[in-house]
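Q: So the protein sequences, as listed, match chains D and C. Per the numbering used here, the very first residue in the first sequence carries number 3; after that it's consecutive. Per the numbering used here, the very first residue in the second sequence carries number 69; after that it's consecutive. Take a look at the following structure, please.
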Amino acid sequence: MTWTRRHLLKGLSGSVLLGGCGTPASFVGSEHEPPTTPETITVTFPPIARHEFGGDAQLYMLEDRSSPLVSLGVCIQAGFADDPVNKEGLARLVVSCMRRSGGGHLEGLTTLGAELSSRLRPQSIGLRCTVERKYAAQALALLVRGFSKLDRDPALFERERNAQLELLGAMRSDPRSLGGHGIVFASLPVAPASRSLATGCPESVASISHEDFLRWVDAHLRPSRLSFALAGNLSLDEAKSWAIAAATGWTVATRTPASPTPPVPIDPDRHGAVLTPLPGMQDVILSYGGTEAPYGARDRVLIETANSFVASFINRKLRTHLRAAYGVDWQAWQTRSEIVTQYFAPVTPEALAPAIQGCRRQLEQLQDDPQIRRRAGLIANENRLAQYVAQMRRYETTSAACGQLLNMADVRLPVERAYRELDQLYALDGSKIASVISERFAPEKMRWSVVGPPEAIERAAGSFGAAKVVRRTVEGLVG
Amino acid sequence: MLRRAAAWVTVILLTLAPASAKASELLANTHYQLDNGLEVVLVEDDRLPLVAVNLTYHVGSAHDGRSRGLAHLTEHLMFRGSRDLDDGEYSAKMRSAGALCNASTHPSRTSYHCLVPTNQLPLALWMESHRMAYVLPALSSIKVQEEKVTTIDEWRFRVSSHATGDSLEDLLTTVYPAGHPLQPATPAWIEKLGLGDAQQFISTYHGPQNATLVLVGDLPEDVQRTISLDFRRRKGGQRPASPKAAPPEQTQERRVVRQSKVATWPTAIIHWQTPGLFEAGDAEADLVAGVLENIFYDLAERSAPGVLMAFSAEQQSHVGVSSLSVHLAGASTASPEQLLALFDELFDEIFDDLSEQFLEKERRQLLRTNYQALQSLGARAARIQIYVNAGKDPDWLDEDLARYDGVTLERVQSFITTYLRRELRTVILSHPAERAPTKQGAR
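Listed below in structure tokens is the structure:
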């Protein structure tokens, strides 16, 4: 299979050069000046194959013979959006049991030298591993067994439910998690905030019975909902035959699912800031929030670029101007409806009020800046090549490629749209980014979350201007 | 393209006979030295039009001596401009060229690494060689002061934004006391550093005779010429003596019992010093950590259901001195002493009953983990630097992996009785923070 090469121009959108672009990389800079290198880049992508088995079952596959490994992913179209009303956290319990199950798949995978990883999304559950090619067919069958032979033992269910309750308890004293829950609470009218996340809240998890668990498993785990994502040292014919063999013999019970918890959309006029005291902390976790577009969404690249543009401004304010923090870190919180993003930095209690006011001023200036389109355009251009490189790195290893294929399988993305984000990168320009910033990051629309020592929290309360400020205990956020 | 035919041979070998192909084909390289002493390793892989550039100076935090934090501070200063580049210009130009750049300070080496599009490689090489030659004229007391603040902030980020950050810090300060090569650089140490320290460190160690340049990826034909033209500017550089920790003089377990300020769950950390990277016993340490990581949680769940919530075992190998540590997090109803007792009980059970079959499973995992890691260009460059820094050949991968084949059950037992004795360990037991219950109805 041939990898495709596209030659792209760093600068303005829509410029595709048809080969022979750039100069040979032979130019050496002078004693005082660095060399001028081409404004172009060659972007290489592997060919992706898709096969439909009938029903909803799909196969996405990428052949890469450069290493002796195959990365295998299996996902099923059922996720935490299918959690029944007041039983939030149930799908996560199912995944926990898959990771601990005595069904034989775990021990088998370990024997083959593989390490199981899992992921849970609103619409899907995925299991993944990487093995040497000679074990790949066997490992794929074991992954499917993780779904088909899920351990129904009530004792395992009980243990994992208790572990989930302990995890929720631990979140009550984890500053970063609390900061994220604060942003989710400021965004969605759901209380406690954890109820809108995959973990559920202590009340909902405690109310899940073994019968609820079995009903969910029987209603949602079935071979017709399977998708396969295989990347590495294999052919399409091998991938098809391994997938068919892996799913053969899976018998299912027929049960009706319970009504799912309806997703709650983000409320743009909800709280401006959520303040959460956490005794014992020395520093404060200052977070602000936004939203991210899901994989495959039309404006995903544009929104991500606007998010990172604002994050870089706030980072510069906190780190360089105020010297209040080492830098801004980032975490995504997938709710039942949307992905809420948390940008956060630890700051000292003394620096908290100036940091909040400084960031707010920065955002106001950004809104009023007549040059914002030009500046956003410049930054888009400066980062465009790096983003092309980041796109290529998604296929640098079989494991990363398998993750990409699972993303595609989740949304049933047609293969021809696999590289759409590359086209979106072409089309980025300053005015589009500026309009997203105006729409999403106006100071009155920003959501903040502050977690820290009680006295520092109180001092910060007056720093948010006209924004609606609420105080929330750790139990109020996590349950 | 450089050695294109050889690269294809590698690909074909891996495709047709992956089990029998030598793993070191992944690191097949051209290895030479410039007149000024700079060691160069080139690995061709044209699958993607990218090149991983890794320039490593063979000096790191273990060489800080009484200037704790100096190697790390210097790493930051290397991004703050040079004779012909303004402050911030390095990062801006590289980002604009599509390069993803960073640096990392390890105990025995400091690496500056980036991934660049092939046609931007001349820029990356010029920038790297230029700051090797001309960073000193751009240094100033203000920049040193600013980067001291930044490195202290990094320390704070590690310690204060995690619920258990303070217990990890307690571990480091207990295990690595004053004079130990791995003694942590706390803010108090960093505050003492000055411009003169940084200047002295850079002029002594950041020269070509103490550096290795590794490129992995789609290399242009004239890459060797570009390297020799760019990197001829700087001469000198001195290799520091290998950091070597004194053998543990412990005769009894060191134990710290503390109360967490924030975390509401108990934790136990158990730590041992183990032989240095690639020394006798280092492979055994990797396998022991792997065995624990794979089976401890399940055994604990069977032995004492609901007590253990999370478990990890980690072997960190460095030139001269390494460590094996396990981290246990318990349910809110458990105590750290209970976690330690559980560990002691199951540790003996696991290694008394260990079978050759289980060791074979671990070897297979290690082989797969190595192949998987080395798919990435940057990881391959970093691995070569680890080998070179430890005095091995750049393609030492086969020998590296063969170490695990030689580990027998007897050698595992011998390793445990020599290095993992209870009197040689350090234990940090953290009781949960006491938290007043929230008032009824308060949300």
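Heads up, the beta-carbon is just placed ideally off N, CA and C, and yes, glycines get one too.
Identify every run of the alpha helix (DSSP H) within the region 134 to 211 of chain D, keeping only runs that are complete inside it and at least 4 residues long; order them along the chain.
A: Those alpha helix (DSSP H) runs which fall completely within the region 134 to 211 of chain D and span 4+ residues are 138 to 150, 156 to 173, 177 to 189 and 204 to 208.
Q: Check whether chain C comes within 8 Å of D:V480, counting only Cβ atoms and requiring the distance to be less than that.
A: In the first sequence, residue 480 of chain D corresponds to position 478, counting from 1. It does not; no Cβ of chain C falls within 8 Å.
Q: Leaving out five residues before and five after D:T25 in sequence, what residues of the same chain have Cβ atoms less than 6 Å from its Cβ?
A: As a first step, residue 25 of chain D is located in the first sequence; it is residue number 23 there, counting from the start. Here D:T25 scores only 39 on pLDDT, less than 50, and its place in the model is too uncertain to base an answer on.
Q: Just to make sure I have the definition right: I need the residues of chain D whose C-beta is within less than 9 Å of the C-beta of C:F379. Which are they?
A: Start at 1 with the first residue of the second sequence, and residue 379 of chain C comes out as number 311. Those within 9 Å of C:F379 in chain D number zero; the least Cβ separation is about 12 Å.
Q: When you compare the CB positions of D:V438 and D:A308, do they come within less than 8 Å of one another, or not?
A: What you label residue 438 of chain D is simply residue 436 of the first sequence in a count that begins at 1. What you label residue 308 of chain D is simply residue 306 of the first sequence in a count that begins at 1. Against a cut-off of 8 Å, the Cβ pair of D:A308 and D:V438 comes out as a contact.
Q: Kindly list the residues whose CB is nearer than 6 Å to the CB of C:I513, restricted to its own chain and excluding five residues on each side of it in sequence; keep chain order.
A: Any property of residue 513 of chain C remains undetermined from this structure, which presents chain C solely from 69 to 511.
Q: Does D:P70 pass the burial test, meaning 16 or more other C-beta atoms within 10 Å, or should it be called exposed?
A: Position 68 of the first sequence, counted from the start, is the residue given in the question as residue 70 of chain D. The residue in question, D:P70, is buried, as its Cβ has 16 or more Cβ neighbours within 10 Å.
Q: Here's the rule I'm using: 16 or more other beta-carbon atoms within 10 Å means buried, otherwise exposed. How should D:D301 be labelled?
A: Stepping through the first sequence from its first residue, residue 301 of chain D is reached at position 299. It is exposed - the Cβ of D:D301 has fewer than 16 other Cβ atoms within 10 Å.
Q: Using a Cβ-Cβ cut-off of less than 8 Å, list which residues of the region 269 to 300 of chain D approach chain C; keep chain order.
A: So the close ones are L280, P281, G282, M283, Q284, D285 and I287.
Q: Measuring only the C-alpha atoms, how far is C:V513 from D:V391?
A: No answer is possible for residue 513 of chain C: the residues shown for chain C start at 69 and end at 511.
Q: Please report how far the alpha carbon of C:P190 lies from the alpha carbon of C:T294, in whole angstroms.
A: Here residue 190 of chain C corresponds to residue number 122 of the second sequence, with the count starting at 1. Here residue 294 of chain C corresponds to residue number 226 of the second sequence, with the count starting at 1. C-alpha separation (whole angstroms): 7 Å.
Q: Listing by chain order, which chain D residues have their CB less than 7 Å from the CB of C:L183?
A: Residue 183 of chain C sits at position 115 when you count from the first residue of the second sequence. Correct list: V391.
Q: Mapping the DSSP letters down to three states, classify D:G464 as helix, strand or coil.
A: Counted from its first residue, the first sequence places residue 464 of chain D at position 462. Residue state, collapsed to three classes: helix.
Q: Less than 8 Å between CB atoms is the rule here; does D:N164 satisfy it with respect to chain C?
A: In the first sequence, residue 164 of chain D corresponds to position 162, counting from 1. Chain C, which has a Cβ nearer than 8 Å to the Cβ of D:N164, makes this yes.
Q: Using the Cβ count rule (16 or more neighbours within 10 Å means buried), how would you classify C:S235?
A: Within the second sequence, residue 235 of chain C is the residue found at index 167, counting from 1. Classification of C:S235: buried, given that the 10 Å Cβ count is 16 or more.
Q: CA-CA distance, C:R490 and D:F346?
A: As a working note, residue 490 of chain C is residue 422 in the second sequence. As a working note, residue 346 of chain D is residue 344 in the first sequence. Cα to Cα, C:R490 sits roughly 41 Å from D:F346.
Q: From what residue to what residue does the beta strand (DSSP E) around C:Q45 run?
A: For residue 45 of chain C there is no data in the structure shown, the boundaries of chain C being 69 and 511.
Q: For C:R431, which option in C:T401, C:A449, C:W333 and C:D468 has the closest C-alpha, if you only look at C-alpha atoms?
A: Within the second sequence, numbered from 1, the residue matching residue 431 of chain C stands at position 363. Among C:T401, C:A449, C:W333 and C:D468, the Cα nearest to that of C:R431 is on C:D468.
Q: In the DSSP assignment, what are the bridge partners of D:S119?
A: Locating residue 119 of chain D in the first sequence gives position 117, where the first residue counts as 1. DSSP, once it has assigned bridges, lists D:R130 as partnering D:S119.
Q: Determine the DSSP secondary structure at D:R419, reduced to helix, strand or coil.
A: Locating residue 419 of chain D in the first sequence gives position 417, counting from the first residue. Helix, per DSSP.
Q: List the endpoints of the continuous alpha helix (DSSP H) containing D:P356.
A: In the first sequence, the residue the question calls residue 356 of chain D occupies position 354. From DSSP, the alpha helix (DSSP H) with D:P356 extends over P351 to D370.
Q: So, with DSSP's three-state summary, where would you put D:P86?
A: In the first sequence, counting from the first residue as 1, residue 86 of chain D sits at position 84. It is a strand residue.
Q: Classify C:N170: buried if its beta carbon has 16 or more other beta carbons within 10 angstroms, exposed otherwise.
A: Taking the first residue of the second sequence as 1, we reach residue 170 of chain C at position 102. It is exposed - the Cβ of C:N170 has fewer than 16 other Cβ atoms within 10 Å.
Q: Compute the Euclidean distance between the alpha carbons of C:W333 and C:A397, then round it to the nearest angstrom.
A: Mapped onto the second sequence, residue 333 of chain C falls at position 265. Mapped onto the second sequence, residue 397 of chain C falls at position 329. Roughly 7 Å separates the two Cα atoms.
Q: At what residues does the beta strand (DSSP E) containing C:T570 begin and finish?
A: The requested residue 570 of chain C does not occur in the structure, where chain C is confined to residues 69 to 511.
Q: Any beta-carbon of chain D closer than 8 Å to the one on C:E112?
A: Taking the second sequence and counting its residues from 1, the one referred to as residue 112 of chain C is at position 44. False, the Cβ-Cβ gap to chain D never drops below 8 Å.
Q: Under a Cβ-count criterion, where at least 16 other Cβ atoms within 10 Å of its own Cβ denotes burial, should D:T253 be classed as buried or exposed?
A: Position 251 of the first sequence holds residue 253 of chain D. Its Cβ having fewer than 16 others within 10 Å, D:T253 is exposed.
Q: Should D:T307 be flagged as near chain C, meaning a C-beta pair shorter than 8 Å?
A: The sequence position of residue 307 of chain D within the first sequence is 305, counting from 1. By this cut-off, D:T307 is not an interface position.
Q: Of all the CB atoms in chain D, is at least one closer than 8 Å to the CB of C:E369?
A: Here residue 369 of chain C refers to the residue found at position 301 of the second sequence. It does; some Cβ of chain D falls within 8 Å.
Q: Please go through the same chain and pick out, in chain order, the residues whose beta-carbon is closer than 8 Å to the beta-carbon of C:L261, but skip the five residues on each side of it.
A: Here residue 261 of chain C is taken as the residue at index 193 of the second sequence, counted from 1. Contacts found: S135, G137, L138, L141, V212 and K216.
Q: In three-state DSSP terms, what is D:M410?
A: Within the first sequence, residue 410 of chain D is the residue found at index 408, counting from 1. Correct three-state label for D:M410: helix.
Q: Checking contacts by CB at 8 Å: is D:S28 closer than that to chain C?
A: To locate residue 28 of chain D, count along the first sequence from 1; it is residue 26. Its pLDDT being 46, under 50, D:S28 is placed unreliably in this model, and the value from its coordinates should be taken loosely. For D:S28, the answer is yes, since a Cβ of chain C falls inside 8 Å of its Cβ.
Q: According to DSSP, what are the bridge partners of C:S208?
A: Translated into positions along the second sequence, residue 208 of chain C becomes position 140. Looking at the DSSP assignment, C:S208 forms no beta bridge with any residue, so it has no partner.
Q: Out of C:R177, C:L240, C:A331 and C:E222, which has the shortest C-alpha to C-alpha gap to C:H499?
A: Here residue 499 of chain C refers to the residue found at position 431 of the second sequence. Of the listed residues, the one whose Cα sits closest to C:H499 is C:A331.
Q: Output, in sequence order along the chain, the residues in the region 371 to 402 of chain C whose CB is closer than 7 Å to any CB in chain D.
A: Hits within the stretch, in order: P373, G374, M377, A399 and S400.
Q: How many Å lie between C:S159 and D:R67 at the Cα?
A: Looking up residue 159 of chain C in the second sequence gives position 91. Looking up residue 67 of chain D in the first sequence gives position 65. Distance between the alpha carbons of C:S159 and D:R67: 35 Å.
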